[in-house]
Amino acid sequence: MSEGNGPITPDMTILEVVFRHRQTEAVFRRYEGETQVCLLCQALFDSLAEVAAKYGLDLDRLLQDLQEAVRTE
Amino acid sequence: MQNRELDCRGQACPQPVLKTKEIIDQGDVLQLTVLVDNDAARENVSRFLERSGYQVQVAAQGSDLAVTGIRKQESPGQAAADTREETELRKILVLVGTDRLGTGDDELGKKLIVNFINTLKEMGRELWALVLLNAGVRLAVAGSEVLASLQELEDNGVMVLVCGTCLNHFQLLEQKQVGETTNMLDIVTHMQLADQVISFT
C-alpha cells in the first residue's frame, strides 16, 4: 500500500491512521476510557467507521480529534 | 531478497506492527522473524504478516514468542509445476457496484444479479477477487440471497472485498455476513494487481 498524507476518512483502519500520523496514537489511547478496551491492540485492523459502530463512539468527533492531532504535526 | 529479524520485546501495541510494516514495506523481505513478549503483539503481527502475503509460524522462545513470516510466493520447496501453474493463471477481479444487473426491469435485474453471483464460481481459479461497492454491498449483508455463494467463493480462496464507506452509508456495517471490509486504497491496489477487471455498475 502506498502511504500518503491526505485527510483521515472513516474507511481508513486504525493501523493506516497511526502509521501515517504517529501522534494520533495518543488520541486512540484517550478513547480507551470510553471503549474500555485497547483499541490499538484489539481493533488495529478495523476501519474508523467500524470502530465507532462497534464501540458506540461518535465518528465525527473521533475524526475531528484525529484531524486536530494531525494539524499539530 | 532478505531474511530479517526484529526485536519488539517490551513494546506495547501498535509499535510491533508499525515496525513490522516499516520493514515489509521495503518490499524485498523473504522472511521476517519478529520477537514479541505478549499475546496482543503476537496476534497483530501475525495478522499483519498474513494480510501482507506471508505464511506465519509462531514458536515459543522461553517466555517470548517468535513470529516468523515467510513470503508465500517464494516458499522454498514449492513444486515447480505449481509455480508454473500459478504464474500462468490470470487474476480476474470482478467489481460489482449494483444490486441488480442491467436496466429495463428492476425485479429482473435483481434475479439476474443473484444468478450472476451464483454462476461466478465457473470462472474457476482465475477468479481472484470480487469487489462489492455502492448498492453491491447489499449482496454481502444479512438477508441476501447470495450469501452462501459468496461464502463458498471466499472459502475457495477468492478475496471478497466489501466497501466499508458504502456499508457505513447504508448503515449496514453490523449486518455484513461475508467478505472483508475494505477501503478505496485497497480496491484501487487490487485493481492494479489484477490481470483483468470486469466491472458491473
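Chains as they are written, first to last, in the UniProt record's numbering: chain A, 1 to 73; chain B, 1 to 201. Just so it is clear, CB atoms sit at the ideal spot from N, CA and C, and this is done for glycine as well.
- Taking the Cα positions, G164 of chain B is about 7 Å away from L173 of chain B.
- DSSP lists B:T68 as the beta-bridge partner residues of Q57 of chain B.
- Note on geometry: alpha-carbon atoms of T72 of chain A and L108 of chain B lie some 54 Å from one another.
- Scanning B:A60, B:E50, B:L120 for the CA closest to the CA of V96 of chain B turns up B:L120.
- For T13 of chain A, the three-state secondary structure derived from DSSP is strand.
- With respect to chain B, the C-beta atom of A53 of chain A has a partner C-beta closer than 9 Å.
- Against chain A, a Cβ distance below 7 Å from M184 of chain B picks out D11.
- DSSP assignment within the region 108-134 of chain B yields the following whole beta strand (DSSP E) runs of 3 residues or more, N-terminal first: 127-132.
- Around the C-beta of K72 of chain B, fewer than 16 other C-beta atoms lie within 10 Å, and the residue is accordingly described as exposed.
- The beta carbons of G143 of chain B and Q175 of chain B sit closer together than 9 Å.
- Interface with chain A (9 Å Cβ-Cβ cutoff): E174 of chain B is included.
- Only C38, L40, C41, L44, F45, S47, A49, E50, A53 from the region 33-57 of chain A bring a Cβ to less than 7 Å from some Cβ of chain B.
- In the DSSP secondary-structure assignment, I198 of chain B is bridged to B:V94.
- For E5 of chain B and F116 of chain B, the gap between their C-alpha atoms comes out near 46 Å.
- Burial state of L89 of chain B is exposed, judged by a 10 Å Cβ sphere holding fewer than 16 other Cβ atoms.
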